[in-house]
Structures are given as structure tokens and as C-alpha cells.
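Quick mapping for you: the protein sequence lines, in order, are chains A and B.
Counting from 1, one number per residue, gives the positions in the first sequence under my numbering.
Counting from 340, one number per residue, gives the positions in the second sequence under my numbering.
In this text, a Cβ means the ideal position worked out from N, Cα and C, and glycines have one as well.
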Amino acid sequence: MRPMEILSKLHAKNLVQWAIDKPDVLVLSADLTSSTEIDLFRDAYPDRFISFGVAEQNMMSFAGGLAREGFFPFVHTFAVFIYRRAYDQIAMSISYPNLPVRMFGFLPGVTTPGGATHQAIEDISIMRSLPNMTILECGDATDVETVLDAAHSVNGPVYIRMLRGEIPRLFDKSEPMIFGKARLLSRGSDITILSSGICTEEAMRAVEALKKKGISFTHLHISTLKPFDDNAMLEALSANKYGVITMENHTIIGGLGTIAAEKMAEIGISNKLFRIGIKDAYLHGAGREYLMKEYEIDASALIRRVEDITDSRFNITEDDLKKAHHITPMHSDAKAEAL
Amino acid sequence: MKSDMLDTLSITKIQQAAKGIRRRVLEYVIKNNGGYLSQACSSAEILASLYLEIMNLGNVELPIMPPAFSGVPSQNNPDYLTGAMFNGQKAPHLDRFFLSPSQYSLVLYAALIETGRMAAEGLEQFNKDGSTVEMIGAEHSPGMEIMSGSLGQGLSQAAGIAYARRLKGETGRTWVFMSDGEFQIGQTWEAMQTMGFYKMDNVGIYVDVNGYQCDGSTASVMSIEPLDKRLESFGARVFKVNGHDIDELIAPSKLQSDGRPLVVLCYTNPYQGIEILKEYAPKFHYIRFKTEAERQKLSAFLNEAHGNTF
């Protein structure tokens, strides 16, 4: 197997290329231009870049106004400053009128050591309850490259849980994110795993080791969290021996686990559902690997859960697992600040 | 400052429209035992001046009858209504109007009737189930096209529209009607900061500074003064006028731009034209009759001042 490709500042370069023939696309910033990788866009298309300073509420309503006049505002800031700071503005200035504003929320969950003020742990829960809202989440470099087309195909507002800095490529470059379609990563009959965001890499590591122990999985990577109606995925929810595991870098209240639970109950799937995610608690300022272990959302946590479900002990150690991709150190050229 | 561009006939027409706005809102309030009446008293001349002289809106051929509610916007309902049609067609050279405090909806509807844009019978649908003539209007309500009932969001949305129009090279201006209470809101100042920074002189704001809000007088709830100085320091071109004087209201709108967004602070009286409302001080925000005698008193006033219209 060839070594994993790690890409740096992907969105920054990609957005400039992608927007070259899209004069209606404007990029909006709230004083986090380098931090959200829109500095190259600003330099390439200064007339299409609007700086608002630290004033997200105005930026959101202003974006609604721009969209009403036929523009496509691409709002970029940390996720918490989108859905926590400006919720009323999103609801009334953007979501109610079903306007095509694309909101790029950075630093999901454990991806920042910036502490509780910067860690978006309930963004999906909040945003999915808004009528008209579409929700996408990126899990790798290919997702980050191709989420722009997926988001732009939606006639309405889109919230995107975005990654930045150094990002591994888990999915082949030739297979873009498709709106409304889960990625099938393994096919098997014992357990169905739905994973999202950075948890997909962890799930892939665990699945690879567990397969060697004779357990088979249907593993799906979920990038469209709302709407949630991919038929192939819905079939996978019932076609398994032990049940379904969801795995997410988000609180289990209102995120992927909840979404799957609602769907399973509605369809009448009586299989067990096991939710791996942040268990109704705030995070704190620490490194990603440390937090994933502490909050039990890493590969080892998934292995322990599978052991419980199957009533087995596999004796898989950290050394047996394929290494996770190199995680960017606190100070790196791949990002603008230590966050 | 006085405008010397306006003839007596035009002023009389605006004054009559303002009187008509008060009469229609008063009629409604008497009929329904309560309503946003003081807002009509304070803003009648402002809205009449905007519609009849200040704004260069598209014409409306015949007064429009408000259509029934046809659903909220969604991907499955792309043809949902907008109340913008009452403000005429959109064109690059024409102006646009945005009401920020939707609590003034009834006053706006009355203004649309008085200026020949909405059918008078349309007001009978006010606050009725299945109607677009809502109490706190939404973007499907007559004269409206954005969601501004959550105070403080109207200005930012209008600013976004004005910025987009400038990007497209449109020459029409964007007018916003605001209430003074909105200057207690952080988002309003974020929007002012942005408009000042980007020198958005295609925006003009008329503020009804009636000095009262839900809890009582603005001075007692949370002071906003000196409002002119605060706004100037944010990069706006500010004029303080008597909000019941037509000449004073109109004059700033005729000035050549100096590159700054225009703000006209219209100092008004919340019982102008219906002096007996004074006894409700300081609770002017929503007039509600506690006794039949109160209703009779206003009814007698209506008969005396305007003739019985029922």
C-alpha cells in the first residue's frame, strides 16, 4: 500500500481555481482570512472579497441581502461563530428565505486545541433543525476539493463542516463527494458503521484491524447529513447481524447518531444502534489525538465497542493499527495560528 | 434646513396622505380594541414623504389587492410571494424600500393605500388567518421583501442588497425606514460600521425617533443619545429634522452625495395628530383599551377629526 498523501492548505488553492469562472461567487470574511484559507482568494479576486471585521451577525444578514440580488456568498469563519454567534440572523436573513448562502464552518469538534469557545460540538444539531438548511461535512482531501460543487448544486443555504491545514487523502481523487450519496468503504454483514468527518479515518483504521479478526463491516462515510435519505445507506442500516454503529466528532445529541436513530425508528428497523461521539459534554483545550482518546472517538474506542457488541476480545494494540495521518503540530506553516 | 424645490401642492398632498395614514390606523385600532397606533402618529409624515417625494420607485398601475398567503419559501415552493410588487417593478435606476421594524406594518399598509399602491379593502385582511396582511409583516406582506421583524436585521440585509446593487453598477438608491429602538442593538452598529467603511452612499436611512419603546421612554429604558454624534463617528452623514415637517424631511434626500451613507433622524411625537393619546404616556408601544369609555373617547375623536367612516 502506498503511503497516505497529506495535502496542505488545499481549500485556499482549490477555491481560487474553482471560482475562476464564477463571477457571482463572493467570499465573506470576519477577520479569519488566513485562518479559514481564503487569503489566496482575497489576493486573486479583491473585488469579490468582502471583509467585515469581527462582526458575524451583520455579515450573515448582509450575506442574505447579497444573495437576494443574485450573488452566491461564501461565508468563511470558525463554525462556532456561525451557528452560535449569529443563529437568529441565519434563521431569518438566510434560511427562512431559502437563499443560496454557503457557510464554511471551520474547527469542528476536537480539531482545535482552542478550547470550548472554539470547538464546534453541536453545530450539526443546531443547524439541522433549521428548515431549508442543507448540511455537508468533509472527511478528507478529496471531500474538501469537491465539496464546492456538491454545495453549489443546492438551491438553498448550505452549512459545510470544513477541514483545513494538513489533510489526508482517504478517497481517490477521481471520486468526488456526491451530494446525498454516502461513500461505501467496505461491504460486509456483521456490523454497519456510519462515520463522518475526521472519524472516518479512525473507523477505517479500526475496520482494517478488525477484519483480520474475522468481523465483516459495511462501512459508509456520510458527507450529506441533511437531507439523510441515500437509499444504499438506508438499506445498510438493516442488513447486518449485530447492529449499527455511528461515529462522529460531534455530540451524540442531534448529530449523526441521532439522525440515524430517527431514520431507523421511522423505517421500523429494530436493530441495535450504538453511538460513538462526544457524550453530552464540553471539550477543553488540548491536542486532537489526546481529545479523541479522552472522549473515546478514536479507532481504539470503536474496537472496544465492537468487542462489547460481539462479546469478544481481539487483543488489538495501538501498534497493530495503521498509523493515523500525521497531525499538524500546534505551530505549522499549514495554518495561520496555533488554533 | 428647508427644501425650496417643493411646491405647495406637493406638500399638501403629502400632508393629506399623512392624515389618511393616521385615520386608517385609528379606525383599525378602534375596531379591534387595540394596535400599534402611536407608530402611525409619529411616522405618518415620514412614510408619506418617502413614498410621495423622496423615493424614486416603480409605478403601480392600479392599487393592488393583497393576495392570499401561499406558503413559506422553500425548494418546493419557489414561487412564494414577495410584497415587493407593491413598491413597483425593480430596475437598475429605480430606488428600493425596506421597512426595518415590522411592528410598523399597519402604518406601512395604510401608507400604501394612501399612495395608491394597495387597495383599501386589503386592510380588512389585516391580521386575519390565511392573509398576507400580517400584524408583524413578513416578506410576503404588502410593501415588504425581507424578514425584518427580528429587530436589527433589516439594516444589514438592506446594506447587503445595496452593496450587491453597487457591484452590479445599479444607480438606484436603497432606502431604509428604522425605529430609534433599533439603535440599542449591536447588529445595527455593525451594519453602520460596514456602510461607513465601504462608503455606501447609495443607502439612505430615515429613523423615526419617537423616543418611546415597549417598556416606556427610550431615555429611561436605555439611552441612545447623542444619536447624531454616534452615527457621525461611524461614518454616516447625519441630519436631525422635525419628523412632522415635510420640507425638513425631504431636504436631505435631495442633496448631492458626499460619499457617506445618509441618516435622517426624524424627531417625532408619539401622539402627533391624536393628542388625546398623550394620557397613555409612557406606554405608547401598543395601545390597548381597558374600558369601553376609552374606546368611545377615541371614536369621538375620529368622528370629529375625520368624519365617521364606518
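Count the other CB atoms, across all protein chains shown, that sit within 10 Å of the CB of residue 268/A; report buried if there are 16 or more and exposed otherwise. exposed
Simplified DSSP state of residue 1/A, which is helix, strand or coil: Per-residue confidence for residue 1/A stands at a pLDDT of 48, beneath the threshold of 50, marking its modelled position as unreliable; the derived number appears in the next sentence. Coil, per DSSP.
Close Cβ partners of residue 9/A (< 7 angstroms) along its chain, the five nearest in sequence each way excluded: 37, 334
Three or more C-beta pairs closer than 8 angstroms, one from the segment 557-564 of chain B and one from the segment 628-637 of chain B: is that the case here? no
Interface flag, residue 529/B vs chain A, CB-CB below 8 angstroms: yes
Local Cβ density within 10 Å of residue 1/A, reported as buried at 16 or more and exposed below that: Here residue 1/A scores only 48 on pLDDT, less than 50, and its place in the model should not be relied on; the value that follows carries that caveat. Exposed is the call here.
Going by DSSP, what residue range makes up the alpha helix (DSSP H) through residue 527/B? 525-536
Taking a cut of 7 angstroms between CB atoms, which residues from the segment 88-111 of chain A lie near chain B? 88, 89, 92, 93, 96, 97, 98
I think residue 511/B touches residue 433/B, with their Cβ atoms under 8 angstroms apart; what is that distance to the nearest whole Å? 5 angstroms
Can residue 515/B and residue 437/B be called in contact, C-beta distance under 8 angstroms? yes
Pair every Cβ in the segment 443-454 of chain B with every Cβ in the segment 496-507 of chain B, then say whether three or more of these pairs are closer than 8 angstroms. no
Going straight from the alpha carbon of residue 533/B to that of residue 52/A, what length do you get? 7 angstroms
Would residue 243/A and residue 217/A be called neighbours here (beta carbons separated by less than 8 angstroms)? no
Going by C-alpha to C-alpha distance, which of 583/B, 541/B, 586/B, 582/B sits closest to residue 576/B? 541/B
Counted within 10 angstroms of its Cβ, other Cβ atoms place residue 134/A as buried (16 or more) or exposed: buried
Distance, residue 359/B Cα to residue 148/A Cα: 53 angstroms
CB contact below 8 angstroms: residue 150/A versus chain B: no
Is the CB-CB distance between residue 574/B and residue 536/B below 8 angstroms? yes
Apart from the five residues just before and just after residue 202/A, which ones in its own chain have a Cβ nearer than 6 angstroms to its Cβ? 298, 299
Is the distance from the Cβ of residue 408/B to the Cβ of residue 471/B below 8 angstroms? yes
Determine the closest residue to residue 285/A out of 294/A, 279/A, 277/A, with distance taken between C-alpha atoms. 294/A
Any beta carbon of chain D sitting closer than 8 angstroms to that of residue 69/A? The question asks about chain D, but that chain is absent: this structure's protein chains are A and B.
Check the Cβ of residue 374/B against every Cβ in chain A and list those closer than 9 angstroms, keeping chain order. Those do not exist, as residue 374/B stays about 24 angstroms from chain A at its closest Cβ, beyond 9 angstroms.
Please check if any C-beta of chain A sits within less than 8 angstroms of the C-beta of residue 600/B. no
Specify the secondary structure class of residue 158/A as computed by DSSP and reduced to three states. strand
For residue 140/A, is the classification buried or exposed, using 16 other Cβ atoms within 10 angstroms of its Cβ as the cut-off for buried? buried
Collapsed DSSP secondary structure at residue 361/B in the structure displayed: helix
Specify, as a first and last residue, the run of the beta strand (DSSP E) that residue 194/A falls within. 191-195
Give the straight-line distance between the Cα atoms of residue 353/A and residue 137/A, rounded to the nearest whole angstrom. There is no way to answer for residue 353/A, as the model of chain A reaches only from 1 to 339.
Rounded Cβ spacing between residue 72/A and residue 26/A (contact assumed at less than 8 angstroms): 7 angstroms
How long is the line joining the alpha carbons of residue 122/A and residue 116/A, rounded to whole angstroms? 11 angstroms
In three-state DSSP terms, what is residue 579/B? strand
Closer than 8 angstroms to chain A by CB, residue 633/B: no
When Cβ atoms are compared, which residues of the segment 466-486 of chain B fall closer than 7 angstroms to chain A? 478, 486
Terminal residues of the continuous beta strand (DSSP E) containing residue 222/A? Premise fails: residue 222/A is in no beta strand (DSSP E) and is neither H nor E.
For residue 134/A, list the residues DSSP reports as bridge partners. 158/A
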